[in-house]
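When we follow my numbering, the leftmost residue of the sequence shown carries the number 35, and every step to the right adds one.
Just so you know, even glycine gets a beta-carbon here, dropped at the ideal spot from N, CA and C.
Everything numeric in this text was worked out from a predicted model, so none of it was measured.
Data first, discussion second: the structure below is written as structure tokens.
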Amino acid sequence: MINLCEIMEFVTEQKNILHLDIKPENIMVTRYGKELVLIDFGRSKRVTVADRFAVSNLSPVDYTKEETQEKQYEYGALGYAAPECYCDAEDGLTFPFAQTSNQGKMSIESDIFSFGATFWECLNMFELITKNNSSNFDIYDFYKEYFLNDEAYCNRDLSLTTPTYHQRLEKIIKKCTRKRSQDYTTSDKYYHSYKDLRKDIEFVKDSVPTIVKEEDVKVRTPFKLCGIMVALTVVFLIINSVYHLRAFTIAENKWNNLTETYNATQFSELSVIAKDYLSSAAKNQVDETYDKIVKFTYQENGFISDYEAVLLVELLSQMNESEKLPERVDEIMMHADTSNFKAISSEIVKLEVPKESIGYELATAIYNVEVSKTNVVEAYETLVKNKDNIVFRFAVLKLKNVLDNDENIKLIMESKDQTREEILSFFNVITNVFGE
Numbered sequence: 035m036i037n038l039c040e041i042m043e044f045v046t047e048q049k050n051i052l053h054l055d056i057k058p059e060n061i062m063v064t065r066y067g068k069e070l071v072l073i074d075f076g077r078s079k080r081v082t083v084a085d086r087f088a089v090s091n092l093s094p095v096d097y098t099k100e101e102t103q104e105k106q107y108e109y110g111a112l113g114y115a116a117p118e119c120y121c122d123a124e125d126g127l128t129f130p131f132a133q134t135s136n137q138g139k140m141s142i143e144s145d146i147f148s149f150g151a152t153f154w155e156c157l158n159m160f161e162l163i164t165k166n167n168s169s170n171f172d173i174y175d176f177y178k179e180y181f182l183n184d185e186a187y188c189n190r191d192l193s194l195t196t197p198t199y200h201q202r203l204e205k206i207i208k209k210c211t212r213k214r215s216q217d218y219t220t221s222d223k224y225y226h227s228y229k230d231l232r233k234d235i236e237f238v239k240d241s242v243p244t245i246v247k248e249e250d251v252k253v254r255t256p257f258k259l260c261g262i263m264v265a266l267t268v269v270f271l272i273i274n275s276v277y278h279l280r281a282f283t284i285a286e287n288k289w290n291n292l293t294e295t296y297n298a299t300q301f302s303e304l305s306v307i308a309k310d311y312l313s314s315a316a317k318n319q320v321d322e323t324y325d326k327i328v329k330f331t332y333q334e335n336g337f338i339s340d341y342e343a344v345l346l347v348e349l350l351s352q353m354n355e356s357e358k359l360p361e362r363v364d365e366i367m368m369h370a371d372t373s374n375f376k377a378i379s380s381e382i383v384k385l386e387v388p389k390e391s392i393g394y395e396l397a398t399a400i401y402n403v404e405v406s407k408t409n410v411v412e413a414y415e416t417l418v419k420n421k422d423n424i425v426f427r428f429a430v431l432k433l434k435n436v437l438d439n440d441e442n443i444k445l446i447m448e449s450k451d452q453t454r455e456e457i458l459s460f461f462n463v464i465t466n467v468f469g470e
């Protein structure tokens with residue numbers, strides 16, 4: 035648009051020529067997109083310093099009838115020509131725009147209106163004139179009905195582009211295409227020279243850096259930095275992927291070699307390798323890798339020791355995956371060695387289990403009663419809730435055993451309004467069902 039202003043300054047203000055047909059299809063772009071070329075001066079008219087107006091040679095028209103090549107509504111192009119470029123209405127008929135004393139008299143303000151309409155279209159999402167060849171669609175009838183009025187045709191805004199359109203650009207376009215008043219050729223509300231128009235556009239360009247990186251230092255440097263950062267990020271991701279793939283292969287080989295000849299004295303080494311094995315796994319391999327470690331851990335007798343439970347809990351923390359966490363905690367509590375429930379529960383309560391988990395609930399109850407000496411009544415309620423849970427029978431028995439002492443029974447009696455005999459009878463039922 036700055037380039038077009040420079041062209042029009044030369045054409046109009048030096049050569050005293052009005053183009054009178056400025057529109058996108060009359061603006062060519064040079065091969066490398068650096069300069070514009072304005073073409074088609076077929077409608078242009080010469081003006082003088084003494085007489086700045088050029089008179090339209092079009093006769094009045096009937097705006098209720100179809101526009102034809104021989105009987106056009108406007109001098110110029112539909113949608114781009116200024117209101118004063120439109121023909122007068124025939125006697126007794128209505129002119130679509132606000133009537134001024136300069137109707138039919140074209141000036142530099144007329145070209146500036148077309149300039150603004152062109153600028154507006156460049157920033158919008160669609161062409162103003164769509165050359166639809168369908169026999170069922172008449173573009174002139176459409177514009178006659180919906181567009182040829184001051185409200186739609188003038189004061190063009192950018193609300194159709196994006197919610198974040200530039201308000202200063204909109205202000206310039208509105209000033210170019212402002213609704214005509216009687217003093218539109220003299221009022222400060224309108225542009226009267228391309229020099230002033232160019233100055234305003236340049237001010238906007240300087241105040242908000244252009245995104246054409248070759249043209250603006252303010253943007254060129256950040257673009258280069260962004261390009262470098264993107265390149266480095268891509269390289270890092272490639273290296274990271276190769277490293278993880280290689281690291282996973284090495285860790286898997288170490289795991290396979292150790293588990294083939296494993297004995298209990300090698301647990302410390304197994305723990306280190308298991309953590310490396312899981313941490314080097316790709317996202318889609320994590321579940322499979324964890325399940326492989328778990329399967330090996332349970333295989334000896336179906337139970338896990340306290341140190342094996344510690345390892346599995348550490349692996350779950352390392353995975354940082356919540357969807358399957360409840361069922362995996364349940365799995366640990368099902369396979370826990372009954373003699374080590376205290377230590378195993380102490381590890382499990384370190385996890386933050388997002389959904390309901392019976393194993394986590396039992397582990398928390400055991401930990402609270404046996405280690406932290408708190409929430410005894412809540413632990414008793416957990417025991418009552420799971421009194422028939424065969425799957426977790428060892429954990430249920432453990433919880434019953436840690437509750438079965440005088441101090442805890444006294445707390446339960448006070449809270450639950452039960453006798454000592456009732457509580458002991460309940461404990462005996464659990465013992466009889468699940469065994470010692």
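With a cutoff of 8 Å on beta-carbon distance, residue 144 and residue 72 are scored as not near each other. Pairwise C-beta distances place the region 99–107 out of contact with the region 72–91, as fewer than three of them are shorter than 8 Å.
A direct Cα-Cα distance of roughly 10 Å separates residue 406 from residue 380. Residue 108 has 120 as its beta-bridge partners, per DSSP. Residue 377 sits in a helix when the DSSP states are folded into three classes. Between residue 367 and residue 399, the gap from beta carbon to beta carbon reaches 8 Å or more. Taking all protein chains in view, the Cβ of residue 416 is crowded by 16 or more other Cβ atoms within 10 Å, so the residue is classified as buried. Note that the C-beta distance between residue 391 and residue 364 is below 8 Å. Nearest neighbour of residue 310 by Cα position, chosen from 345, 295, 341, 35, turns out to be 345. By the Cβ test, the region 216–226 is in contact with the region 129–142, since at least three Cβ pairs between them sit closer than 8 Å. Apart from the 5 residues on each side of it in sequence, residue 445 sits with its Cβ closer than 8 Å to the Cβ of 410, 411 in its chain, given in chain order. Classified as buried, residue 207 has 16 or more neighbouring CB atoms from the shown chains inside 10 Å of its CB. In this structure, residue 147 places its C-beta atom within 8 Å of the C-beta atom of residue 211.
Assignment of alpha helix (DSSP H) within the region 361–447, counting only whole runs of 4 or more residues, yields 375–382, 392–401, 410–419, 427–437 in chain order. Per the DSSP secondary-structure output, residue 88 pairs in a beta bridge with 140.
Cβ-Cβ separation between residue 149 and residue 38: approximately 7 Å, consistent with a contact (criterion under 8 Å). Residue state for residue 263 is assigned as helix, using DSSP reduced to three classes. Looking only at 80, 35, 176, the smallest Cα-Cα distance to residue 152 is reached by 35.
Between the alpha carbons of residue 341 and residue 437 lies a gap of roughly 25 Å.
The residues 36, 39, 40, 43, in chain order, have a CB closer than 8 Å to that of residue 232 in the same chain once the five nearest residues on each side in sequence are set aside. Three or more beta-carbon pairs separated by less than 8 Å are not found between the region 259–269 and the region 74–84, which leaves the two stretches without contact.
Going by DSSP, residue 73 is part of no alpha helix (DSSP H) at all; its letter is neither H nor E. Per DSSP, the beta bridge partners of residue 51 are 80. Relative to residue 373, the option among 58, 227, 274, 433 whose CA is nearest is 433. In terms of CA proximity to residue 283, 312 leads the group 187, 109, 312, 178. At least 8 Å separates the beta-carbon of residue 288 from that of residue 273.
Judged by beta-carbon spacing, residue 56 lies within the 8 Å limit of residue 114, meaning their Cβ atoms are closer than that value. Taking a C-beta distance under 8 Å as the contact criterion, residue 316 and residue 375 do not qualify as a contact pair.
Between residue 305 and residue 377, the alpha-carbon positions lie close to 17 Å from each other. Residue environment: residue 111 is assigned as buried (16 or more neighbouring CB atoms within 10 Å of its CB, all protein chains considered).
Here DSSP, grouped into helix, strand and coil, assigns residue 207 to helix. Secondary structure note for residue 35: it is in no alpha helix (DSSP H), with a DSSP letter that is neither H nor E. Membership of residue 307 in the alpha helix (DSSP H) is indicated by the continuous run 301–313. Per DSSP, the continuous beta strand (DSSP E) segment holding residue 61 begins and ends at 61–63. Annotation: the continuous alpha helix (DSSP H) that includes residue 323 extends over 320–332.
Here the alpha carbon of residue 177 sits roughly 15 Å from the alpha carbon of residue 121.
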